[in-house]
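Going line by line, the protein sequences match chains F and A. Be aware that the first sequence starts at 18, since it is given in the working numbering, and climbs by one per residue. Be aware that the second sequence starts at 368, since it is given in the working numbering, and climbs by one per residue. Where a beta carbon is used, it is the ideal one built from N, C-alpha and C, also for glycine. Here is the structure we will look at, set down as structure tokens.
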Amino acid sequence: MRKKFARDFDSLSAIYEFTEGVLAAHDLGEAVRFPVHLAMEELFTNMVKYNHDSDGEIEVDVAVDAGVVTVTLTEHDVDEFDVTRPREIDTSASLGERTPGGLGLHLLQNIVDNLDYEYRDRRSRVIFTKESG
Amino acid sequence: MFEINFGGDGEIVCSGRLDAAQCDRALSFLDGVSDARTLDFSALEYISSAGLGILLKTQKRLAENGAALKIVNVNNHIHDVFRYSGFNTIFDIEAKQE
């Protein structure tokens with residue numbers, strides 16, 4: 018299932034409903050739904066924040082095959098931003114040392130099973146998979 | 368859908384999904400808190416890094432006055448998010464009995 022969404026945080030509820038519809042149709046449990054929704058939000062909000070000059074929609078594709086959820090997010094006419102690059106996050110830092118922000122991609126990289134990034138002709142595409150069970 | 372309100376014992380009750388679109392509302396509420404409080408997450412289904420940022424910002428502000436947030440009734444998935452981000456070391460967190 019594929020659908021385009023406006024580049025705005027207010028699209029998150031519609032993305033949730035779209036994704037939930039696909040996952041529920043395959044009778045997938047919360048153990049896979051929660052991380053899929055989280056990964057989806059972290060990627061979508063990252064695209065909104067770091068390519069805010071683009072007014073193009075973001076295309077979301079959700080597929081389920083043999084218990085494996087594959088999600089693809091595609092945006093056009095944007096700069097390169099490789100979300101698979103390791104993030105320098107000190108998760109043992111004290112409260113005083115911490116600053117808000119920067120955790121999204123760290124979480125993403127911890128909760129998905131596979132994460133790929135493609136960039137060609139100013140088209141940016143992120144693909145992640147999450148296995149059920 | 369996300370809701371944040373005071374409960375009957377002065378605790379802060381959160382419910383629904385705390386995503387990036389709901390952070391302004393959550394921060395607006397928490398900015399009005401100036402003393403130690405318990406956050407009841409028993410009806411909170413979901414949190415993302417945007418929500419973590421709001422909690423961190425509030426915890427840092429309260430720490431300046433020697434106060435802190437305690438978070439109770441945290442579901443397994445949200446607990447995992449806290450653990451992956453190391454928030455289990457900077458918040459007093461109690462898991463939900465599931």
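For the alpha helix (DSSP H) that residue i lies in, which residues bound it at each end?
i: F:L40; result: L29 to A42
i: A:G383; result: Taken as a continuous stretch (DSSP letters only), A:G383 belongs to no alpha helix (DSSP H), being part of the beta strand (DSSP E) at I379 to L385.
i: F:V129; result: Run containing F:V129: none; DSSP gives neither H nor E here.
i: F:T62; result: E47 to Y67
i: F:R19; result: From DSSP, F:R19 is part of no alpha helix (DSSP H) but of the beta strand (DSSP E) over R19 to F22.
i: A:F396; result: C390 to L397
For residue i and residue j, I'd like the C-alpha separation in whole angstroms.
i: A:D402; j: A:L436; result: 9 Å
i: F:E74; j: F:D94; result: 10 Å
i: F:V88; j: A:F454; result: 27 Å
i: F:E135; j: F:E97; result: 9 Å
i: F:K60; j: F:L90; result: It is worth fixing the name first, because residue 60 of chain F is Leu in this sequence and not Lys. Straight-line Cα distance between these residues: approximately 8 Å.
i: A:D407; j: F:I106; result: 28 Å
i: A:E370; j: F:A23; result: 24 Å
i: F:S30; j: A:Q426; result: 27 Å
i: F:G151; j: F:T116; result: Because residue 151 of chain F is not part of the residues shown, which for chain F are 18 to 150, the question remains open.
i: F:L125; j: A:V400; result: 31 Å
i: F:L45; j: F:T36; result: 11 Å
Once the 5 residues before and after residue i are set aside, which same chain residues still bring their CB inside 6 Å of it?
i: A:H446; result: A462
Over the uninterrupted beta strand (DSSP E) stretch that includes residue i, give me the two end residues.
i: F:E76; result: I75 to D82
i: A:L411; result: R404 to I414
i: A:K463; result: A:K463 -> no beta strand (DSSP E), and no H or E assigned at all.
i: F:G142; result: First, the amino acid is wrong: residue 142 of chain F is Arg here, not Gly. That run of the beta strand (DSSP E) goes R140 to E148.
i: A:F369; result: F369 to F373
Quick one: what does DSSP say residue i is sitting in, helix, strand or coil?
i: F:V95; result: coil
i: A:N440; result: strand
i: F:V86; result: strand
Who are the near neighbours of residue i in its chain, counting only those whose CB is closer than 8 Å to its CB and skipping five residues on each side?
i: F:V129; result: P52, A56, F145, T146 and K147
Self-check item: Where the stretch 399-432 of chain A meets chain F: residues whose CB sits under 7 Å from a CB there
Solution: Y413, S415, S416, A417, L419, G420, L423, K424, Q426, K427 and A430
Self-check item: Interface positions of the stretch 125-146 of chain F facing chain A (Cβ-Cβ less than 9 Å), listed along the chain
Solution: L125, N127 and I128
Self-check item: Residues within the stretch 19-35 of chain F neighbouring chain A, beta-carbon criterion of under 9 Å
Solution: D25, F26, D27, S28, L29, S30 and Y33
Practice problem: With 8 Å as the C-beta to C-beta threshold (strictly closer), list the residues of the stretch 376-399 of chain A near chain F in chain order. | Solution: R384, D386, A387 and A388
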